[in-house]
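Here is the structure we will look at, set down as structure tokens.
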Amino acid sequence: MADITHFPMEQLQDLECCLDSNPPWAEAILLAFQNYILMLGTSVMIPSWIVHAMGGSDGDKARVIQTLLFVAGINTLLQTLFGTRLPTVVGGGSSAYIYPIAYIITDSSLQQISDPHERFIQTMRAIQGALIVASSIQIILGYSQVWGLFSRFFSPLGMAPVVGLVGLGLFQRGFPVLGDCVEIGIPMLLLVIGLSQYLKHVRPFRDVPIFERFPVLICVPIVWIYAVILTASGAYRHKPDTTQNSCRTDRANLISTAPWFMFPYPFQWGPPTFSAGHSFAMMSAVIVSMVESTGAYMAASRLAIATPPPAYVLSRGIGWQGIGVLLDGVYGSVTGSTVSVENVGLLGLTRVGSRRVVQISSGFMIFFSILGKFGAVFASIPFPIFAALYCILFGLVASIGISFLQFTNLNCMRNLIIIGLTLFLGISVPQFFDQYWTSSRHGLVHTNAGWFNAFLNTLFSSPPTVGLIVAVLLDNTLEVERSKKDRGMPWWVKFRTFKGDNRNEEFYTLPFNLNRLFPPT
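Quick note: the sequence shown uses the UniProt record's numbering, first residue 1, plus one each step.
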């Protein structure tokens with residue numbers, strides 16, 4: 001086996017802009033707007049489903065989405081300034097929160113409310129209270145450095161399948177959703193691949209590879225206009241409702257119901273209500289979000305040509321993510337925050353991993369959340385268009401995870417067993433749990449304690465969480481001392497501490513000389 005201690009960190013080729021370098025301002029603004037457009041997909045889809053299940057109106061849906069985007073902008077800015085400082089978008093709309101929120105929605109005390117709008121308001125207050133309490137998990141584990149201490153059990157061998165599952169675990173948002181409207185999904189998929197891969201060296205304007213840098217900005221308007229033409233021509237007039245909801249560009253009802261101007265403010269739905277059962281259920285989603293975000297941070301560090309985040313930086317990022325979940329509860333954005341996996345994939349597709357770009361994109365989130373009508377125009381893009389992008393971006397994140405295996409010995413049967421078992425169970429176990437998701441039974445675990453059901457169903461429905469449990473358990477119990485080199489530890493161990501590698505200070509030092517006040521531990 002090659003000496004893995006001498007592999008360069010910058011082994012990813014063709015990345016032209018890393019963490020601390022910045023593209024020109026005009027290019028940075030366009031890249032930032034591209035990040036904003038991409039994060040709208042899940043930020044609209046999941047909250048829309050939740051508001052509908054809560055009995056909210058189209059006006060409530062528009063208001064919730066605006067609030068979610070506003071808080072996402074704040075959380076992204078805080079994370080890039082004071083958290084991990086990686087170029088990651090911290091958005092709402094995480095599927096990790098679906099099980100606990102479904103449990104809260106079906107609470108008998110809330111279902112007894114006959115008026116739909118009043119039931120929506122009371123449910124929103126209950127979700128707010130649960131998010132506020134549950135955020136303490138990430139805040140405590142982050143700022144106490146407990147999550148950083150736990151990360152000492154990580155290795156390249158364990159992280160490879162876990163990061164891979166961060167991308168592969170979202171396969172249901174890819175082609176299954178694209179297939180709901182193949183007439184716009186397939187053209188979008190082919191167009192993005194053609195421009196970003198086959199025409200990436202074509203530079204019609206100066207020296208900027210526009211097809212490689214801006215595939216989302218170019219392809220989304222083209223296919224969106226094509227979808228508008230199909231809708232206006234009556235192509236879906238006699239199609240089933242599922243097809244019409246997926247394909248038509250006039251079904252979102254966001255533009256007509258969104259206010260021209262709305263400034264989200266704390267407790268806009270009223271004072272939150274607190275319930276021990278709701279809070280315990282929501283804690284499971286916060287744990288899952290923490291695991292998934294850890295995998296996303298590892299992928300983002302590779303794509304930004306940075307070192308893997310040291311334990312102190314990882315804990316700092318999780319702590320600030322907990323602050324973000326707290327803000328979600330205070331403002332009432334329906335779901336908690338997590339790292340946007342699709343935006344991590346975009347770093348690799350555009351080959352630009354700049355912190356400045358993501359910080360500018362947070363400004364777009366805040367700006368368009370306040371100017372509701374303008375933001376609603378972009379939020380009404382048919383979801384199969386996003387699904388086509390997810391097919392590429394989630395797959396890219398998965399491949400970044402697999403790339404960690406280059407630091408391990410793939411001729412070692414111990415390693416192959418751990419990798420195979422982690423990947424297989426990470427996909428198979430959540431799929432088994434998801435089979436039991438119905439309108440009457442939310443998950444496999446079905447006891448009289450609803451919070452307990454939601455807790456376990458949430459944990460074991462997350463591919464990265466199942467993968468982390470399996471990988472950490474096996475990697476730290478099977479022939480540990482004899483397999484240090486095979487696991488990739490000689491390369492990995494120097495990145496555990498902040499001062500273990502001189503590049504850590506370059507990438508992760510806090511701005512404004514704050515490291516003097518908060519020195520790395």
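Don't be surprised by glycine CBs; every beta carbon is placed ideally from N, CA and C.
Exercise. Determine the burial state of Phe-33: buried for a count of at least 16 other Cβ atoms within 10 Å of its Cβ, exposed for fewer.
Key: So Phe-33 counts as buried.
Self-check item: CA-to-CA distance, Leu-170 to Pro-463, given in whole angstroms
Solution: Roughly 9 Å between the two C-alpha positions.
Quiz item: In this structure, what does DSSP give as the bridge partners for residue 523?
Solution: Only positions 1 to 521 of the chain appear in this structure, which leaves residue 523 out of reach.
Practice problem: Examine the ligand SAH and report whether any of its heavy atoms sits within less than 8 Å of the Cβ of Thr-249. | Solution: Ligands are entirely absent from the displayed structure, and the ligand SAH is therefore not among its contents.
Quiz item: Which same chain residues, not among the five before or five after Leu-38, have their C-beta less than 7 Å away from its C-beta?
Solution: So the list reads Val-216, Glu-342, Asn-343, Leu-346 and Leu-389, once near-sequence residues are dropped.
Practice problem: Within its chain, find whatever has a CB closer than 7 Å to the CB of Ser-362; leave out the 5 residues flanking it on each side and keep chain order. | Solution: Closer than 7 Å at the Cβ level, and outside the excluded window around Ser-362, lie Gly-73, Thr-76 and Leu-77.
Quiz item: Hey, out of Ile-366, Ile-318 and Leu-423, whose CA is closest to Gln-79's CA?
Solution: When only C-alpha atoms are compared, the closest one is Ile-318.
Quiz item: Phe-368: buried (16+ other C-beta within 10 angstroms of its C-beta) or exposed?
Solution: Buried, by the Cβ-count rule.
Self-check item: Pro-519 classed as buried or exposed, judged by whether at least 16 other C-beta atoms fall within 10 angstroms
Solution: Burial call: exposed.
Quiz item: Is the CB-CB distance between Gly-453 and Val-445 below 9 Å?
Solution: It should be pointed out that residue 453 corresponds to Asn in this sequence rather than to Gly. With contacts defined by Cβ atoms closer than 9 Å, Asn-453 and Val-445 form a contacting pair.
Exercise. My understanding is that Val-325 touches Ala-134, with C-beta atoms under 8 Å, so please give their C-beta distance in whole angstroms.
Key: Contact flag correct, Cβ pair sits at about 7 Å.
Quiz item: What's the gap between the Cα of Ile-418 and the Cα of Leu-468?
Solution: Roughly 11 Å separates the two Cα atoms.
Quiz item: Can you find a C-beta in chain D that's less than 9 Å from the C-beta of Ile-360?
Solution: Checking the listed chains, one finds no chain D in this structure; it contains a single protein chain.
Quiz item: In whole angstroms, what is the alpha-carbon distance linking Leu-423 and Ala-232?
Solution: Rounded to the nearest angstrom, the two C-alpha atoms are 45 Å apart.
Quiz item: Would you say the stretch 372-384 touches the stretch 240-258, given that touching needs at least three Cβ pairs under 8 Å?
Solution: Enough Cβ pairs lie closer than 8 Å, so yes.
Exercise. Tell me whether Ile-222 is buried or exposed, calling it buried when 16 or more other Cβ atoms sit within 10 Å of its Cβ.
Key: By the neighbour-count definition (other C-beta atoms within 10 Å, threshold 16), Ile-222 is an exposed residue.
Quiz item: Which whole runs of the beta strand (DSSP E) in the stretch 76-154 are 3 residues long or more, in chain order?
Solution: As far as the stretch 76-154 is concerned, it has no whole beta strand (DSSP E) run of at least 3 residues.
Practice problem: Could you tell me how far apart the beta carbons of Ala-258 and Gly-91 are, in whole angstroms, since I believe they sit closer than 8 Å? | Solution: Ala-258 to Gly-91, Cβ: 19 Å. No contact.
Self-check item: the stretch 299-319 touching the stretch 265-274, judged by at least three CB pairs closer than 8 Å
Solution: At 8 Å Cβ cutoff, the stretches do not touch.
Exercise. Decide yes or no for the touch test of the stretch 349-362 against the stretch 83-99: beta carbon pairs closer than 8 Å, at least 3 of them.
Key: By the Cβ criterion, the stretch 349-362 is in contact with the stretch 83-99, since at least three pairs of Cβ atoms, one from each stretch, lie closer than 8 Å.
Quiz item: Sorted by chain position, which residues of the same chain lie with C-beta nearer than 8 Å to Arg-496's C-beta, five sequence neighbours on each side aside?
Solution: In its chain, beyond the 5 residues on either side, Ser-151, Arg-152, Pro-310 and Ala-311 have a beta carbon closer than 8 Å to the beta carbon of Arg-496.
Self-check item: Whole-angstrom C-beta distance between Thr-338 and Ser-94, which should lie under 8 Å
Solution: Going by Cβ atoms, the distance from Ser-94 to Thr-338 rounds to 4 Å, so yes, they are a contact pair.
Self-check item: Rounded straight-line distance, which links the Cα of Ala-126 to that of Pro-47
Solution: In this structure, the CA atom of Pro-47 is about 16 Å from the CA atom of Ala-126.
Quiz item: Whole beta strand (DSSP E) runs in the stretch 369-433 with 3 or more residues, listed along the chain?
Solution: Segments of the beta strand (DSSP E) lying fully in the stretch 369-433: there are none.
Practice problem: Report the three-state DSSP secondary structure of Pro-161 (helix, strand or coil). | Solution: Helix at Pro-161.
Quiz item: Quick one, which of Arg-316, Thr-447 and Gly-443 has its alpha-carbon nearest Gln-145's?
Solution: Closest by alpha carbon: Arg-316.
Quiz item: Could you give the residue range of the alpha helix (DSSP H) that holds Cys-219?
Solution: Bounds of the alpha helix (DSSP H) holding Cys-219 are 215-232.
Quiz item: Between the C-alpha atoms of Ala-102 and Val-334, what's the straight-line distance to the nearest angstrom?
Solution: Note on geometry: alpha-carbon atoms of Ala-102 and Val-334 lie some 11 Å from one another.
Quiz item: Since Met-282 contacts Pro-100 with CB under 8 Å, what's their CB separation in whole angstroms?
Solution: With a Cβ gap of about 5 Å, Met-282 and Pro-100 count as contacting.
Quiz item: Cα-Cα, which of Tyr-226, Arg-63, Lys-200 and Phe-364 is closest to Phe-214?
Solution: Lys-200 is the residue among Tyr-226, Arg-63, Lys-200 and Phe-364 whose C-alpha sits nearest the C-alpha of Phe-214.
Quiz item: How many angstroms separate the CA atom of Val-44 from the CA atom of Ile-50?
Solution: Between the alpha carbons of Val-44 and Ile-50 lies a distance of about 10 Å.
Quiz item: Is it buried or exposed for Asn-504, if we count other Cβ within 10 angstroms and need 16 for buried?
Solution: When all chains shown are included, Asn-504 counts as buried.
Practice problem: Let me know if Gly-55 comes out buried or exposed under the rule of 16 or more other beta-carbons within 10 Å of its beta-carbon. | Solution: Counting every other CB atom within 10 Å of its CB across the protein chains shown gives Gly-55 a total of 16 or more, marking it as buried.
Quiz item: Below 9 Å between beta carbons: does that hold for Trp-147 and Leu-314?
Solution: Result yes, Cβ atoms of Trp-147 and Leu-314 sit closer than 9 Å.
Practice problem: Counting only the same chain and skipping the five closest in sequence on each side, list residues whose C-beta sits under 8 Å from that of Gly-142. | Solution: For Gly-142, where only same-chain residues beyond five positions count, the Cβ hits under 8 Å are Ser-315, Arg-316, Gly-317, Ile-318, Gly-319, Trp-320, Gln-321 and Gly-322.
Quiz item: If you follow the alpha helix (DSSP H) that Leu-178 is part of, which residue opens it and which one closes it?
Solution: Bounds of the alpha helix (DSSP H) holding Leu-178 are 175-178.
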